[in-house]
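Structure first, commentary second.
Residue numbers (my numbering): 498 to 1113.
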């Protein structure tokens, strides 16, 4: 009742988003009697637009934490951030960069604090396993990072600067040029912080010691129209980061972690009548260095090089029937710390997808996918989904899928703790959703069920030599079920504009062996945001409620982390006819709450930031 009270208090008090005229919206927001087969989406989907990205934190963690039902655990501010999407583990949330899976081949997940949102034009969030024609590892869901390369836009430059508490600085620069046949953009981002916030009472350290970090990110995009039927695109990304890992005791050994990632993608799109062809060739390099003691030169190192080829051939039979044949091949070549030999594995997939509008208001899609894996078998995967427009404002959705995920390099080969007997995960899931649409409001409620066999998790075990040792293991059976909902609304009263957004998720994720909730999966999570605009002035407030989480597999009450409620507030003013100059001020953790999302990793209290944006 306490959680429900807070949630409805959020809704009734209408507290919400950052200062722009957009809100996070459901992708299927516009209904019509003739469904668009090409854009058929049967999963619960959120779309985060460019204007929201520009005015939020540099961290993808904070953006999604305050705008979606995804729960994040952070090992301290700026440290490793791991998602739990619909009660699953971090490795079961896939991050796609322009259609390419960029989850680490060593850890199996993406550290969301290493993704700078300013480098992207749009972010799409899809819940659940969904369509296996798109990807097969998204047991919890997927995050799509999208770069647009529009034509006929001319030349433009944008500069964004932010400075605030704990010597935190963020700078972004983006230049773009396009004409009828050429599109080009280049972006650079820098995010850094001394990160020396005060610890709450009870810790030996008075401040966050050894928590400083920085990261640099470079994005490059180019597109060239060879002719009206063929377009060639290139995407490039370089990322480099260094983080000193926070310590809570003055006696702890100080450590640091370094990331070096590079990504290159060439895409060739062709259209010939009813045929559409898309070929993607990508090269990904990831490298990390872990210094167990920053005063010593010795470090553990892991490197993985990946080659990826994806080919889609779409054929539109008529306006109501569309088919696709797809092929994927991935080669990973990796070497982990202290391993004398490298490991190479080849992964392939071949499949078929069909989208069909069988009735005026009902469309469905189904996919089959044959996996080819030399070590973990060759499972046949499938998915089926449909949409029924009951009327002009009410829609029903359903989606069911079988998914599959293999162990990562760290799961299998990490020195001293890797488990080479791990089995791959298999997931069977279904979701049912309802959507209400109005010119000023969108509302959705989705119920989901997911059964995961042989789920892989890293769990704390007692080390025979003393202390706690985290090791990977298979859980025989996990059942996950719950509901998630989203509300967005806009209202204009004279010269005053209001924008509202809210989400809520209730999640049960149980290990069937002991009937206990998985660690770091809250039963409840709610967010709400409210923005107000008057002429060139804007104000916003946003709130986040995370329910309690367990930190031990037997759900010891003494080890659980309490629920917490966080609020932010900001003001902004735009100068110029085209919003050429913008200044803003924000307060994070408005009520100065002491909280943790990971045990013994306290997060910052109240902080302040100033920002200024230029568009030339």
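Glycine is no exception: its CB is placed at the ideal position from the N, C-alpha and C atoms.
- Contact holds between the segment 945-956 and the segment 974-981, because three or more Cβ pairs, one in each stretch, are under 8 Å apart.
- About 11 Å separates the beta carbons of residue 876 and residue 902, which is beyond the 8 Å limit, so they are not a contact pair.
- DSSP places residue 716 in no alpha helix (DSSP H) but in the uninterrupted beta strand (DSSP E) bounded by 710-724.
- Contact between the segment 890-904 and the segment 913-928 is present: three or more C-beta pairs spanning the two stretches fall below 8 Å.
- Straight-line measurement puts the Cα of residue 797 at about 10 Å from the Cα of residue 755.
- In the structure shown, the three-state DSSP call for residue 1053 is coil.
- As the crow flies, the alpha-carbon of residue 705 is around 11 Å from that of residue 741.
- The three-state reading of DSSP puts residue 589 in helix, counting H, G and I together.
- In this structure, DSSP gives residue 646 a state outside helix and strand, which the three-state scheme calls coil.
- Per the coordinates, the alpha-carbon of residue 569 lies some 43 Å from the alpha-carbon of residue 723.
- Comparing alpha carbon positions, the residue from 827, 856 and 1025 closest to residue 816 is 856.
- Non-local C-beta neighbours of residue 647 in its own chain, meaning closer than 7 Å and more than five positions away in sequence, comprise 675 and 680, ordered along the chain.
- Under the three-state reduction of DSSP output, residue 616 falls in the helix class.
- Beta-carbon to beta-carbon, residue 622 and residue 864 are separated by about 20 Å, too far to satisfy the 8 Å threshold.
- Per DSSP, the beta-bridge partners of residue 1008 are 975 and 1013.
- Between the alpha carbons of residue 696 and residue 661 lies a gap of roughly 18 Å.
- Looking at the DSSP output, residue 886 bridges to 892.
- 7 Å or more divides the Cβ of residue 573 from the Cβ of residue 1103.
- Rounded to the nearest whole angstrom, the C-alpha separation of residue 811 and residue 847 is 14 Å.
- In summary, residue 1080 is exposed, with fewer than 16 beta-carbon neighbours lying within 10 Å of its beta-carbon over all protein chains present.
- Taking a contact to require three or more Cβ pairs closer than 8 Å, the segment 1038-1047 and the segment 1055-1066 qualify as touching.
- For the 7 Å CB-CB criterion, residue 762 and residue 779 form a contact.
- Counting only runs of at least 3 residues, the segment 799-877 fully encloses the following beta strand (DSSP E) elements, listed from N- to C-terminal order: 818-832, 840-854 and 859-870.
- For the options 639, 618, 593 and 571, the alpha carbon positioned closest to that of residue 583 is the one of 639.
- Under the three-state reduction of DSSP, residue 559 is assigned to helix.
- Between residue 979 and residue 1003, the C-beta gap is smaller than 7 Å, which places the two residues in contact.
- Taking residue 818 as the centre and dropping the five residues before and after it, the same chain places the C-beta of 853 closer than 6 Å to its C-beta, in chain order.
- Beta-bridge analysis with DSSP links residue 995 to 988 and 1029.
- Residue 666 and residue 768 have their C-alpha atoms roughly 45 Å apart.
- Residue state for residue 907 is assigned as helix, using DSSP reduced to three classes.
- The shortest C-alpha to C-alpha distance from residue 593 to any of 635, 567, 559 and 625 is the one to 635.
- Per DSSP, the beta bridge partners of residue 947 are 926 and 977.
- Your pair residue 1101 and residue 694 checks out as a contact, with CB atoms roughly 4 Å apart and the cut at 8 Å.
- Counting the other CB atoms within 10 Å of its CB gives residue 617 a total of 16 or more, which places it among the buried residues.
- Here residue 984 is buried, its C-beta having at least 16 other C-beta atoms within 10 Å.
- As the crow flies, the alpha-carbon of residue 936 is around 44 Å from that of residue 954.
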